[in-house]
Structure formats: structure tokens, C-alpha cells
Amino acid sequence: RPIEEIVEEAKDLERLGVKELNLIAQDTTRYGLDLYGEYRLAALVRAITEQTSIPWIRLLYCYPDKITDDLIAELRDNPRLVKYMDIPVQHISDGVLKRMNRHGNGDTIREAIARLRASVPGITLRTTVMVGFPGETEQDFEELCAFVKETRFDRFGGFTFSPEEETEAALLPDQIEEEIKTERLDALMEIQLDISAELQANKVGSEILVLAEGYDIPAGIHYGRSAADAPDVDGKIYFSAPKRITPGTFLRVKITEALDYDLVGEAILD
Numbered sequence: 106r107p108i109e110e111i112v113e114e115a116k117d118l119e120r121l122g123v124k125e126l127n128l129i130a131q132d133t134t135r136y137g138l139d140l141y142g143e144y145r146l147a148a149l150v151r152a153i154t155e156q157t158s159i160p161w162i163r164l165l166y167c168y169p170d171k172i173t174d175d176l177i178a179e180l181r182d183n184p185r186l187v188k189y190m191d192i193p194v195q196h197i198s199d200g201v202l203k204r205m206n207r208h209g210n211g212d213t214i215r216e217a218i219a220r221l222r223a224s225v226p227g228i229t230l231r232t233t234v235m236v237g238f239p240g241e242t243e244q245d246f247e248e249l250c251a252f253v254k255e256t257r258f259d260r261f262g263g264f265t266f267s268p269e270e271e272t273e274a275a276l277l278p279d280q281i282e283e284e285i286k287t288e289r290l291d292a293l294m295e296i297q298l299d300i301s302a303e304l305q306a307n308k309v310g311s312e313i314l315v316l317a318e319g320y321d322i323p324a325g326i327h328y329g330r331s332a333a334d335a336p337d338v339d340g341k342i343y344f345s346a347p348k349r350i351t352p353g354t355f356l357r358v359k360i361t362e363a364l365d366y367d368l369v370g371e372a373i374l375d
């Protein structure tokens, strides 16, 4: 879809009161290659920024080998493009990535993450990984665990390989037993749980800008998200307030408690 068409849709969404725009495709970073012969995701973000007032713009599903310097500069300099990127690396072992037919290799992934963290201070990085792909060895899995420990992703999702009938991957040799897949995923998620708990605990005492989303009547508490939390896949911030907060309101929340993946706090109202 051309930039102009997407911008018009963004304007329509703004008229409906939308406060956050998520840009997502099978490979969001490839945007523009088919229409313009070059990567134009940064140009799309600039056009949306210039022609709407939507407060938060978020990038999801960005492949590490296509993150351009122009896009990194936009993340760094555009205050409405939230400092967040979802990079579904899938694995870090070169052998597994090759069998998955992924572009790039482990070095490509590490370099992209290093560039982002060096250029965009405070950026939140999310990833998703797969364990149990056919041919994944114990050494491959240990390399993945070491990578997760070393990288300390802010947001993380994991799943096991599930063969689909008549797909190329389902016909590959060296299929992994379901029990081993589950054990590997459990071990990996335990590693991430420790990382997440530490990162969350570091936020206690801080003030965070939150987009209010609703009120949990049984629990008697409001909830929302920060710029570091994508809808549906990341955690929430639960907060008390002396009055009902209208969904779509931005407010600051003082964090008082950290859960595994969520935060709890108190609204700071003028």
C-alpha cells in the first residue's frame, strides 16, 4: 500500500480517537521495497507524524537484517515513534537459522541489537524465539540460552516448533520429540522470567507515562500500558486513582510494585 493510502487510514483512525498506531506486516522493515524499490518504513513514519497527531506510533515485526540507519535515526529523534522494536529473531544458531531459511545469521542479529541499543538509549526490545525446530541440537539450544541471558530482552515470547502437514519443515529429517521441545521451552522461559523479574524490579519507585485502557471492576483497579508495552502481547500497568480515568487518557503513574510481567502503581494527578 502506498504511503499516502496508509496516511489517510491513520487520519481516519485519529478522527475515531485512536491514541496508538501499530505498524505491522510479515516483515515491516521491508515496507516500500515492492512499491518504491527501496526500504521506506522511516519515510512512512515521518509522513504519519507530519500529517496526524496520533501520540504513539509503534513498530512490530521488524527483521534484524533490514533495520536501516534511517529507521534507527527516526527511532532516536522522533518523539512520537515509541522507543520500542519487536524483532522476531526465532533463533541464534547459524545452523538452525539456515534450516529455517531465515535471512542473515547470528552475527546479523547481534549487530542489529547492538546498533539499536547504542543509538537509541532506553529502547525496549521484544523478541520471539522458537525451540525444537528439526535438527536443533543440544548445542544449538545452549547457544540460544546463552544468547537470551547475554542480550536480556525487555519483552520475550517463546514457542515450540509445530509441524504443519505438507510443509517443507514438516518433511525435514531429525524431528525433535515433543517432550524435549517442551523441556527446552520451559528452561528458556525460566531464564527469561529471572531477567524480566530483575528488569521489572528496577522500575519500582519510578514514574511512567501510561495510556489508560480501562477499569477492572472486580479488582477495583485501573489498567493501561506504557510505551514499553505493545497491546495484547506485553504486560500491563495496574494503578489506583482517586477518580475514574477515561480510557485513552495519558497520565503518569508512580510504580510501587513489580510482578513477573506487569507493574502496579498509583496515579499522579494534578
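Mapping to this note's numbering: the sequence shown position 66 is 171, numbers consecutive.
Every residue gets a Cβ at the ideal spot worked out from N, C-alpha and C, and that includes glycine.
Model, not experiment: these values are computed from the prediction.
Buried or exposed: residue i, going by 16 or more other Cβ atoms within 10 Å of its Cβ?
| i | result |
| --- | --- |
| Tyr141 | exposed |
| Phe258 | buried |
| Thr134 | buried |
| Thr229 | buried |
| Gly329 | buried |
| Leu368 | buried |
| Ala333 | buried |
| Leu290 | buried |
| Asp245 | buried |
| Thr256 | buried |
| Ala251 | exposed |
Would you grab the beta carbon distance between residue i and residue j for me? Rounded to a whole angstrom, and I think it's under 8 Å.
| i | j | result |
| --- | --- | --- |
| Ile342 | Gly370 | 6 Å |
| Leu293 | Val253 | 6 Å |
| Ala346 | Lys308 | About 19 Å; that fails the 8 Å criterion. |
| Asp170 | Arg231 | Not quite, the Cβ-Cβ distance comes to about 17 Å (not below 8 Å), so this is no contact. |
| Gly211 | Thr233 | Contact flag wrong, Cβ pair sits at about 16 Å. |
| Tyr166 | Ile129 | 5 Å |
| Arg185 | Ile162 | 6 Å |
| Lys359 | Glu312 | 5 Å |
| Tyr144 | Thr173 | 5 Å |
| Ala152 | Ile108 | 5 Å |
| Gly353 | Ala317 | 7 Å |
| Asn183 | Thr154 | 6 Å |
| Leu275 | Glu282 | The amino acid at residue 275 is misidentified as Leu; the sequence shows Ala. About 15 Å separates the two Cβ atoms, so there is no contact after all. |
| Ile111 | Leu149 | 6 Å |
Can you check which of these residues, the options, is closest to residue i by C-alpha distance?
| i | options | result |
| --- | --- | --- |
| Lys188 | Ser224, Leu364 and Ser198 | Ser224 |
| Glu248 | Leu146, Phe344 and His196 | His196 |
| Lys124 | Ala372, Leu368, Ala335 and Val358 | Ala335 |
| Tyr366 | Gln305, Lys348, Ala333 and Ser198 | Gln305 |
| Ala217 | Glu110, Asn206 and Val194 | Val194 |
| Leu314 | Phe344, Leu356 and Arg260 | Leu356 |
| Arg277 | Asn127, Gln131, Thr256 and Glu241 | This sequence places Leu at residue 277; Arg is not what is there. Of the listed residues, the one whose Cα sits closest to Leu277 is Glu241. |
| Asp139 | Gln280, Phe344, Arg106 and Glu284 | Arg106 |
| Ile285 | Glu243, Ile111, Leu164 and Leu118 | Glu243 |
| Pro226 | Arg181, Ile111, Phe344 and His208 | Arg181 |
| Asn206 | Phe246, Glu273 and Asp245 | Glu273 |
| Lys340 | Arg260, Asp117, Arg120 and Ala372 | For the sequence presented, residue 340 should be read as Gly rather than Lys. For Gly340, the nearest C-alpha among the options comes from Arg260. |
(message) Could you check whether the region 157-165 touches the region 202-209, counting it as contact only if at least three pairs of C-beta atoms, one from each stretch, sit closer than 8 Å?
(response) no
(message) Threshold first: 3 residues or longer. Then list the beta strand (DSSP E) segments lying entirely within the region 169-208, N to C.
(response) 186-191
(message) Please give the ranges of any beta strand (DSSP E) in the region 270-342, keeping only runs that are unbroken, at least 3 residues long and fully inside the region.
(response) 312-321 and 326-330
(message) If contact is defined by three or more beta carbon pairs under 8 Å, each pair taking one atom from either stretch, is the region 213-228 in contact with the region 171-178?
(response) yes
(message) Whether or not the region 265-278 and the region 236-249 are in contact is what I'm after, with contact meaning three or more pairs of Cβ atoms, one per stretch, closer than 8 Å; do they touch?
(response) yes
(message) With three or more C-beta pairs closer than 8 Å as the rule, is the region 316-325 touching the region 286-305?
(response) no
(request) Ignoring anything shorter than 4 residues or poking outside the region 210-257, list the alpha helix (DSSP H) runs there in chain order. (result) 211-224 and 243-256
(message) If we require 4 or more residues per run, which alpha helix (DSSP H) segments fall completely within the region 135-159?
(response) 138-141 and 146-156
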